[in-house]
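**Q**
Residue numbers (the numbering used here): 1 to 885.
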């Protein structure tokens, strides 16, 4: 980098400013070294008091960082380097710190976590998996403990813990994890600093907003979070919603039939595949075949939207999802393979019927489809934090997206020691076969030199193919892919030993450094071989970044063929290279033009994925605002808002609406009193044959409203007396919460189906996003009306059985599963598969006391409604056009 470039580079200027702050931190070091542990703790307590008196944390940064550095030196023997102090400053400012592999991101995070935890509002360190959350928390906890900070760990099925030096689990093989005491979620979140996985944080947020009592809520406010491997969480999983769902009661037999029909379709004739957008669609011939086989006259008629969707999912399962690349079949179950890491994700399921379609395709048992109860995308969960920061080794290529979607700027932190890794140009071959033969030759050559080799592949199938080729050549090696997930840490630990050969699927093992064995630095270090370029330059950079850590020697090279997926996506460029290779009669080609062509192809794909994620945000922002309104209202109910006041407000609105509809004239003789009574009886406890008293007709529509409202208030007083003044507040709260939850769940399903078809509006020269926003606004207003009306209907009809066992949860939520991230297609943005995580969850509201009797929502749950019957919600539409969609 030239002197002029350095002077003009904003990143360079920012880093230089932070180095000046690091010097001030260094100046405090002798003073703090002279203190004993109690003195250090006293200084920390004093800082905490200042922070809780609303002192600006920026003013406390120098002393806080100096304390944290000294605590690190004393407690775990690690002293923060100056560049790590710079990284900590960047994290505190709510930015992304790009730090190369091996530069100590885990230690860097401790600085900003400690400083921001001083305010007492709780801070979160977010990781990509359970192992890293526990490892990093156990490793860093002694620093925080020395400074008087508590530490919690929340990793879902792997357990919830707090760091307790008095507790000792001698059975644990990792000494860093022996002081993690099992604890409740609330205790983990109430700690000053909480380490957690991104999925568990999002699920706990959703669970808290389904709780029936404040005591069931675990999270505090979303104050400050540092996201480790921020590109993986905020970019790779951005289009993948976290979903809590309940089982539907529909038959699964249809999936097998659709799978059999899909298997008979031929690509090119019956359907076409668009690899660029990862979509598959039937041709006219394919549509005709499907209509003949199904007996449906027009599968794309509005009446057949469900059947058309299931046929489309069966086609996607056949054409786009490959066994041993996208999923494994293990113990008669479909196990998803993460596209970016190559890890298996047991228990996760694709949503929207795709997982069922793949189960049917593979002939395993088809699990029932799920009905969404609560959902939030990764993007909208993390955008709720007051301050968000992140760290990774690869962020610059996605800097625009981080800024536009999350408002996060990227700062590149210089390495502690100069990077000396040698990155060789790509070599390109005509066929995949010749490419793999060249890869094997290179591995053998490096093996003879005593150099460790890490080989990156894009799928389980290709890693196993390479493994068999190495076996035939007699080369000892380890395979790190989805099938060896249990041995991951051990394989990574051995990958830097002399002559070690490790085949890894994509970035499996990410977050764990490969430490070089004895003598490896003398033979030029770890050698990285990429067997295919990924769609994203960032994933390629992550693979390269495994070598050359902390100034170690290393090298890398990518081997490419014209048959690779990336080259297929951009056919013309691949064709030109193929013609060039034929005319020159040379293989392989190694030329800067090839590298530029591939980089250009990757940029185009990255641009498409960015547009897709941006598209998701634009649509999901609509639902996000609605979700926030519903959850805020729900929280008010939980916290003891004036339930009766709200309910009587709803009653007045219902009466006013009824009078407006049936009594528009100023003259009582023109009023439709029979229609008014019929309308009100759907919500208020009116006996059959009830008539409006004559005195209520004397003062016009306004007087009628007041008279009816007074009668409704008296009826409510009788209900309070019947239930008991001690129980009624609990009954009111329970009815309100159950009604909100039921209606919100139904609304989510309604919006999913609406969003699936909104793209068709473009054919009518209308902007689908504008149409979606406008109609979603109307639909949400209807939802609020339904919630209020259902609450009134339920609370007037509620029956309480004292000392009775609690009622069962409604059928749709009796068994809940959690999926996150989830399959995203037309309903959530175009494109890539995603990976919902499913686990059994305890039914919520098991201790509820009130049983709505005869309420509309309960009736809908318990009785089968005909598709042409009026919808139970009171919209006036047929069930199939409303909640039956």
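Where is the CB? At the ideal position from N, CA and C, for every residue including glycine.
The structure presented is a predicted model; accordingly, all values stated were derived computationally and were not measured.
Please classify residue 371 as buried or exposed, where buried requires at least 16 other C-beta atoms within 10 Å of its C-beta.
**A** Under this definition residue 371 is a buried residue.
**Q** Does the contact criterion of 3 or more C-beta pairs under 8 Å hold for the stretch 260-274 versus the stretch 393-410?
**A** Short answer: they don't touch.
**Q** For residue 469 and residue 480, I'd like the C-alpha separation in whole angstroms.
**A** About 16 Å.
**Q** Assuming residue 556 and residue 544 are in contact, meaning their beta carbons sit under 8 Å apart, how far apart are those beta carbons, in whole angstroms?
**A** About 5 Å separates the two Cβ atoms, so the contact holds.
**Q** DSSP beta-bridge partners for residue 527?
**A** 453, 555, per the DSSP bridge assignment.
**Q** Name the DSSP beta bridge partners of residue 374, please?
**A** Bridge partners of residue 374: 244.
**Q** Does any CB atom of chain C fall closer than 8 Å to the CB of residue 228?
**A** Chain labels in this structure do not include chain C; a single protein chain is all it has.
**Q** Quick check on the DSSP output: the beta strand (DSSP E) that includes residue 210 runs from which residue to which?
**A** Unbroken run through residue 210: none, as it is neither H nor E.
**Q** Short check: CB of residue 503 to CB of residue 455, under 8 Å?
**A** Against a cut-off of 8 Å, the Cβ pair of residue 455 and residue 503 comes out as a contact.
**Q** Please go through the stretch 50-91 and give each complete alpha helix (DSSP H) segment of 4 or more residues, from N-terminal end onward.
**A** Entirely contained in the stretch 50-91, the alpha helix (DSSP H) runs reaching 4 residues are, in chain order, 57-75.
**Q** If you measure between the beta carbons of residue 651 and residue 704, is that distance less than 8 Å?
**A** Not closer than 8 Å, so no.
**Q** Skipping 5 residues on each side, what residues in its chain have a beta carbon closer than 7 Å to that of residue 86?
**A** So the qualifying residues of the chain are 15, 18, 19, 22, 413.
**Q** Got a sec, what are the start and stop residues for the alpha helix (DSSP H) residue 541 sits in?
**A** Unbroken alpha helix (DSSP H) run through residue 541: 537-544.
**Q** Using 10 angstroms around the beta-carbon of residue 204, count the other beta-carbons present and answer buried if the total reaches 16, otherwise exposed.
**A** The residue is buried, with at least 16 neighbouring Cβ atoms inside 10 Å.
**Q** How many Å lie between residue 154 and residue 225 at the Cα?
**A** Using only the alpha carbons, I get a separation of about 14 Å.
**Q** Pick out whichever of 599, 118, 46, 736 has its Cα sitting closest to the Cα of residue 644.
**A** Of the candidates 599, 118, 46, 736, the one whose C-alpha sits nearest the C-alpha of residue 644 is 736.
**Q** With the cut-off set at 8 Å, would you say residue 784 and residue 376 are in Cβ contact?
**A** No, the Cβ-Cβ distance between residue 784 and residue 376 is not below 8 Å.
**Q** In the DSSP output, what is residue 272 paired with across the bridge?
**A** 281.
**Q** Does the Cβ-Cβ distance between residue 285 and residue 274 come in under 8 Å?
**A** Their beta carbons are not under 8 Å apart, which means residue 285 does not touch residue 274 by this criterion.
**Q** Given residue 177, which residues of its chain have a CB within under 8 Å of its CB, disregarding the five upstream and five downstream residues?
**A** Here the set comprises 134, 135, 138, 169.
**Q** Give me the Cβ distance between residue 182 and residue 160, rounded to the nearest whole Å; I'm assuming they're in contact under 8 Å.
**A** Yes, residue 182 and residue 160 are in contact; Cβ-Cβ is about 7 Å, under 8 Å.
**Q** Should residue 613 be labelled buried (16 or more other beta-carbon atoms within 10 Å of its own) or exposed?
**A** Residue 613 is buried by the Cβ-count criterion.
**Q** Return the chain-ordered list of same chain residues with a C-beta closer than 6 Å to the C-beta of residue 222, the five sequence neighbours on each side being excluded.
**A** Excluding residues within five positions, the ones whose Cβ falls inside 6 Å are 384, 385.
**Q** What is the DSSP secondary structure of residue 154, reduced to helix, strand or coil?
**A** Residue state, collapsed to three classes: strand.
**Q** Smallest Cα separation from residue 184: which of 213, 217, 165?
**A** The shortest C-alpha separation from residue 184 is found at 217.
**Q** Take every Cβ of the stretch 81-101, pair it with every Cβ of the stretch 32-51, and state whether three or more of those distances are shorter than 8 Å.
**A** Contact fails: fewer than three Cβ-Cβ distances are below 8 Å.
**Q** So, helix, strand or coil for residue 328, using DSSP?
**A** In the structure shown, residue 328 sits in a strand (DSSP, three-state: E or B).
**Q** Would DSSP call residue 727 helix, strand or coil?
**A** In the structure shown, residue 727 sits in coil (DSSP, three-state: anything other than H, G, I, E or B).
**Q** In chain order, what residues of the same chain have a beta carbon less than 8 Å from the beta carbon of residue 396, not counting five sequence neighbours either side?
**A** Only 98, 410, 412 meet the Cβ criterion.
**Q** Check this for me: beta carbons of residue 128 and residue 229, under 8 Å apart or not?
**A** Cβ atoms of residue 128 and residue 229: closer than 8 Å.
**Q** By DSSP's criteria, residue 749 is part of a beta bridge. Which residues make up the other side?
**A** DSSP, once it has assigned bridges, lists no residue as partnering residue 749.
**Q** I'd like the span of the beta strand (DSSP E) that includes residue 961, first residue to last.
**A** Since the first residue shown for the chain is 1 and the last is 885, residue 961 is missing from the structure and cannot be characterised.
**Q** Taking contact to mean 3 or more Cβ pairs, one atom from each stretch, closer than 8 Å, check whether the stretch 730-746 and the stretch 791-800 are in contact.
**A** At 8 Å Cβ cutoff, the stretches touch.
**Q** Got a sec? Which residues, its chain only, sit under 6 Å from residue 499 by beta carbon, not counting five neighbours each side?
**A** So the qualifying residues of the chain are 447, 450.
**Q** From the DSSP secondary-structure annotation, give me the bridge partner or partners of residue 136.
**A** Partner(s): none; residue 136 has no beta bridge.
**Q** Quick check: what's the CA-CA separation for residue 535 versus residue 25?
**A** Cα-Cα distance, rounded: 42 Å.
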